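Quick note on numbering: the sequence shown equals residues 288 to 397 in our numbering.
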Amino acid sequence: MMTIRTVLIASFLIVSTLYAHAQEIPRYDPAGYGKDVSDVSGGSAMIYNGCMKMEQEAYDDLRPVWSGVPSQTRSYCDEVANVSGSSYSILKGCVEMEANASASRPEFKF
Numbered sequence: 288m289m290t291i292r293t294v295l296i297a298s299f300l301i302v303s304t305l306y307a308h309a310q311e312i313p314r315y316d317p318a319g320y321g322k323d324v325s326d327v328s329g330g331s332a333m334i335y336n337g338c339m340k341m342e343q344e345a346y347d348d349l350r351p352v353w354s355g356v357p358s359q360t361r362s363y364c365d366e367v368a369n370v371s372g373s374s375y376s377i378l379k380g381c382v383e384m385e386a387n388a389s390a391s392r393p394e395f396k397f
């Protein structure tokens, strides 16, 4: 028979694991994304290599700051990046645009 303490500990561990996972940058498939992009231009190796370089740079830029990005922005931008083929470049662009937009809220003037 499980005690309340056991249930609470198990619940805490599950929630902690989920929270820690949410703090990690999403896992996309850059090689698959690069192939899809290069296939549009006939399978160009130059396009693929450039895409992989951009994806790596975007990932490397996001990784150290990801846990500091507001959770609402992380969630929204992950959705945007997934709809657009799961791209770290798109994820980074979305995060940057959201940060810029929240830093300068316009006022309506009559």
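We put the CB at the ideal spot given by N, CA and C, even for glycine. In this text the structure is predicted, and so the values were computed from the model without any measurement.
- In the displayed model, arginine 361 falls within a helix according to three-state DSSP.
- With fewer than 16 other Cβ atoms inside 10 Å of its own Cβ, alanine 388 counts as exposed.
- DSSP places lysine 379 within a helical segment (H, G or I) once states are collapsed to three.
- Contact between methionine 339 and proline 313 fails: their C-beta atoms lie close to 17 angstroms from each other, not under 8 angstroms.
- DSSP places aspartate 347 within a helical segment (H, G or I) once states are collapsed to three.
- Per DSSP, reduced to three states, the secondary structure at glycine 321 is helical.
- Note that the C-beta distance between lysine 379 and aspartate 347 is not below 7 angstroms.
- Residue state for serine 389 is assigned as helix, using DSSP reduced to three classes.
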